[in-house]
Amino acid sequence: MKRPKPEDRGYEKIKTNSGKLEIGPEQYENVKIEQLRIISELGFGACGNVTKRTLNNRMLAVKEMKKTSNEEENKRIYMDLQVITCNDCPFIVKSYGYIITFDHVYICMETMAMCLDKLYKNYIKPQNMCIPEWVLGKVTVSVVEALRYLKNEHEIIHRDVKPSNILIDLNGNIKLCDFGIAGKLIDSIASTTSLGCAAYLSPERMQCSQYDIRADIWSLGITLIELAISEYPYQFNTHFELMCAITGLPAPKLPEHFSPEFRNFVDKSLEKNVEDRPKYKQLGNMIWFQNHKSLDYDVGAWLSDVLEDDDS
0 MKRPKPEDRG YEKIKTNSGK LEIGPEQYEN VKIEQLRIIS ELGFGACGNV
50 TKRTLNNRML AVKEMKKTSN EEENKRIYMD LQVITCNDCP FIVKSYGYII
100 TFDHVYICME TMAMCLDKLY KNYIKPQNMC IPEWVLGKVT VSVVEALRYL
150 KNEHEIIHRD VKPSNILIDL NGNIKLCDFG IAGKLIDSIA STTSLGCAAY
200 LSPERMQCSQ YDIRADIWSL GITLIELAIS EYPYQFNTHF ELMCAITGLP
250 APKLPEHFSP EFRNFVDKSL EKNVEDRPKY KQLGNMIWFQ NHKSLDYDVG
300 AWLSDVLEDD DS
């Protein structure tokens, strides 16, 4: 008889809570997916599509993932379930519960306004605007705190940090999402080079099989430049050209009109030699991070102005 794997046993345990949703003060038992009425499509993640749905007039985002015979894909589903349902971090999208059927897994989450990829491509860039540095500061604090929480509390590395996996709500809260390709750290080291969006992979992930949380810091650095200048910083036509650029060219830099503190933060995040790249504690001690962690900005009001200008 085939011995069950740890993830199989964990998945069986998770199944016992299928259909139990907790949305604010309201608790639901034995909820079926048919009870969640579809309002609209929201997007696609690493291993599933997301729809906006309602349950008793409560709005929620539902990520649908199809179970298959592919063991790697099913591991992604289990990882997504494990992370999003076992966290209490304010910088990670909140789960209300999940529904497991014969061939699908549905994760029910809080609704957010949009991802940062959509924000800059559909609203910021068309209006010839830019995301203010102080908003990017809040993005940085939120993402670093989310990544630090994953490492410290769950020994997990995200492995897919990019603008489309960072969400913002109408109150200005910024949260990390999509944990389908997150990986367990063993002695603080992860492995497997084939996961994640190539455009945000660090040089060491393209060149060797082992890496640590500093690979996510590189991805954050590329993300911050992209959001700051409203375009991806590397120019390429093929996947090979992209790989050559990331591994062979100097790391991209922010234009000089940004503050020295911001430019220094990004430069450190994009150190080509991973041993020179800081970890979360060192990033958290940098002046630019400390300034934006301590100041209380109204990101929600800024977002409201952006959306209003787009309607005018």
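Mapping the sequence shown onto numbering that gives the first Met the number 0, position 226 (from 1) lands on 225, and the numbers just tick up by one.
The beta-carbon is built from N, C-alpha and C at its ideal position, and this holds for glycine as well.
Gly220 and Trp287 have their C-alpha atoms some 13 Å from each other. In this structure, the beta-carbon distance from Ile83 to Met111 does not fall below 8 Å.
Of the candidates Gly23, Ser141, Asn86, Met242, Gly23 places its Cα closest to the Cα of Asn55. Apart from the 5 residues on each side of it in sequence, Trp301 sits with its Cβ closer than 8 Å to the Cβ of Pro131, Val134, Gly171 in its chain, given in chain order. Membership of Tyr95 in the beta strand (DSSP E) is indicated by the continuous run 94–99. Across the structure, Lys252 and Gln289 are spaced so that their CA atoms are roughly 21 Å apart. Counting along the chain, the unbroken beta strand (DSSP E) around Ser39 starts and ends at 36–43.
Collapsing the DSSP output to three states places Tyr27 in a strand. Looking at the DSSP output, Cys107 bridges to Val61, Gly96.
For Glu225, the secondary structure class from DSSP, reduced to helix, strand or coil, is helix. Inclusion of Ile156 and Ile212 in the CB contact set at 8 Å is warranted, their separation being smaller than that value. Met285 sits in coil when the DSSP states are folded into three classes, being neither helix nor strand. The residue among Ile98, Lys120, Thr222 with its C-alpha nearest the C-alpha of Lys14 is Ile98.
Of the residues Asp116, Glu152, Lys124, Ile123, the one whose Cα lies closest to the Cα of Val160 is Asp116. Within the region 129–158, the runs of alpha helix (DSSP H) that reach at least 4 residues and sit entirely inside it are, in chain order, 132–153. Scanning its chain for C-beta atoms nearer than 7 Å, with the 5 sequence neighbours on each side dropped, one finds no residue around Asp295. For Lys174, there is no enclosing alpha helix (DSSP H); the enclosing beta strand (DSSP E) has its first and last residue at 173–175. In the structure shown, Glu21 falls within a strand segment according to DSSP collapsed to helix, strand and coil. Your pair Cys176 and Leu169 does not check out as a contact, with CB atoms roughly 16 Å apart and the cut at 8 Å. Excluding the 5 residues flanking it on each side, Lys66 has same chain C-beta neighbours closer than 7 Å at Asn73, Ile76, Asp102, His103, Val104, in chain order. Of the candidates Met78, Lys292, Leu20, Thr237, the residue whose Cα lies closest to the Cα of Leu59 is Leu20.
In the DSSP assignment, Met113 forms a beta bridge with Ile167. The residue among Lys271, Glu11, Thr100 with its C-alpha nearest the C-alpha of Asn29 is Thr100. For Leu54, the pairing in a beta bridge is given by DSSP as Arg57. The C-beta distance from Ser218 to Lys174 rounds to 16 Å, too long to meet the 8 Å contact threshold. In this structure, the beta-carbon distance from Asp297 to Gln126 does not fall below 8 Å.
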